[in-house]
Amino acid sequence: MASPNSVKILDICEVAAAYDSTKSATETILSPTFFELTYLRFPPSECLCFFKLTDSNPTFFHSVIFPNLKKSLSHALLDFLPIVGSLTWPPESSRPIFVYHPKNDSVSVTLAECNGDFDRLIGNNGIHEAVESHPYAPQFVATETRSPLLVLQVIILYSFLLSIFIMDELWMTRGFEKNYG
Numbered sequence: 007m008a009s010p011n012s013v014k015i016l017d018i019c020e021v022a023a024a025y026d027s028t029k030s031a032t033e034t035i036l037s038p039t040f041f042e043l044t045y046l047r048f049p050p051s052e053c054l055c056f057f058k059l060t061d062s063n064p065t066f067f068h069s070v071i072f073p074n075l076k077k078s079l080s081h082a083l084l085d086f087l088p089i090v091g092s093l094t095w096p097p098e099s100s101r102p103i104f105v106y107h108p109k110n111d112s113v114s115v116t117l118a119e120c121n122g123d124f125d126r127l128i129g130n131n132g133i134h135e136a137v138e139s140h141p142y143a144p145q146f147v148a149t150e151t152r153s154p155l156l157v158l159q160v161i162i163l164y165s166f167l168l169s170i171f172i173m174d175e176l177w178m179t180r181g182f183e184k185n186y187g
């Protein structure tokens, strides 16, 4: 029997930035600053957002809402191309670099469903343990030489509540908001 907060993965897809010949056609390589190198020691930031879906059903969600979310994400990523890339540590280098390859890089988006008690999680009934939200986090898969900068997980709930869990290198996204936004 599944636990009350079990998450069932329905789909894992890769969303690339929408194509724009003036923006997305070239590879981007950025060197981290001294301050960014300091923050590399910290774990990725996590943000769990909840949205109430009205007048929705599973078929409508799968055929309309989720494809539109992916399309919107693809267009939004066009303005933040380096976030689509990864943190890479070349063997011949003493420092990591941020690399965006237009033909190879994308953001991992997981679609899942859950029967958890979200009224308890989103309610105003006291403080909740952080561990209660861990089942809703996407898999942040990194190797010794490459790490993604952004992963997302969209969870649909039986009560037609949508949650989006964003895991990113927060220090990295704040810099891009300032420099590219």
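Take the sequence shown: its position 85, counting from 1, is numbered 91 in this note's numbering, and each next residue is one higher.
No residue lacks a Cβ here, since even glycine has one placed at the ideal position from N, Cα and C.
As the structure is a prediction and not an experimental result, all values here were calculated from the model.
Excluding sequence positions up to five away, which residues of its chain have a Cβ less than 6 angstroms from the Cβ of residue i?
{"i": "Pro154", "result": "Ser92"}
{"i": "Asp111", "result": "Val90 and Gly91"}
{"i": "Glu33", "result": "His107"}
{"i": "Cys55", "result": "Ile170"}
{"i": "Ile35", "result": "Ile103 and Val105"}
{"i": "Cys53", "result": "Ile172"}
{"i": "Ser76", "result": "Going by the sequence as given, residue 76 is Lys instead of Ser. For Lys76, where only same-chain residues beyond five positions count, the Cβ hits under 6 angstroms are Val21."}
{"i": "Val160", "result": "Leu117 and Ile170"}
When DSSP labels each residue in this structure, what does residue i get in the three-state scheme?
{"i": "Ser153", "result": "strand"}
{"i": "Ala23", "result": "coil"}
{"i": "Asp17", "result": "strand"}
{"i": "Glu135", "result": "coil"}
Skipping 5 residues on each side, what residues in its chain have a beta carbon closer than 7 angstroms to that of residue i?
{"i": "Leu16", "result": "Leu117, Ala118 and Glu119"}
{"i": "Lys29", "result": "Leu84 and Leu87"}
{"i": "Ala80", "result": "This sequence places Ser at residue 80; Ala is not what is there. Counting only Cβ-Cβ distances below 7 angstroms, and skipping sequence neighbours, we find Val21, Ala22, Ala23 and Ala24."}
Measure the alpha-carbon distance for residue i versus residue j and round it to whole angstroms.
{"i": "Glu20", "j": "Pro50", "result": "19 angstroms"}
{"i": "Val115", "j": "Val157", "result": "6 angstroms"}
{"i": "Ala136", "j": "Gly122", "result": "15 angstroms"}
{"i": "Glu67", "j": "Asp26", "result": "The sequence as given places Phe at residue 67; Glu does not occur at that position. Answer to the nearest angstrom: the Cα atoms are 28 angstroms apart."}
{"i": "Glu42", "j": "Trp95", "result": "14 angstroms"}
{"i": "Pro38", "j": "Tyr45", "result": "10 angstroms"}
{"i": "Gln145", "j": "Met173", "result": "9 angstroms"}
{"i": "Asp61", "j": "Pro97", "result": "53 angstroms"}
{"i": "Ile18", "j": "Ser99", "result": "33 angstroms"}
{"i": "Phe72", "j": "Arg152", "result": "28 angstroms"}
{"i": "Val147", "j": "Thr65", "result": "30 angstroms"}
{"i": "Ser69", "j": "Asn63", "result": "10 angstroms"}
{"i": "Thr149", "j": "Ala31", "result": "26 angstroms"}
{"i": "Phe182", "j": "Ile162", "result": "Note that Phe182 scores 44 on pLDDT, short of 50, meaning its location in the model is unreliable and no value can be drawn from it."}
{"i": "Lys14", "j": "Ser78", "result": "24 angstroms"}
Under 8 angstroms Cβ to Cβ from residue i, same chain only, skipping five residues before and after it: list those, please.
{"i": "Asn74", "result": "none"}
### Message
With a threshold of 8 angstroms, are at least 3 pairs of Cβ atoms found where one atom belongs to the region 97–107 and the other to the region 133–141?
### Response
no
Segments of 3+ residues assigned as beta strand (DSSP E) that fall wholly inside the region 30–115:
34–36, 51–58, 92–94 and 103–106
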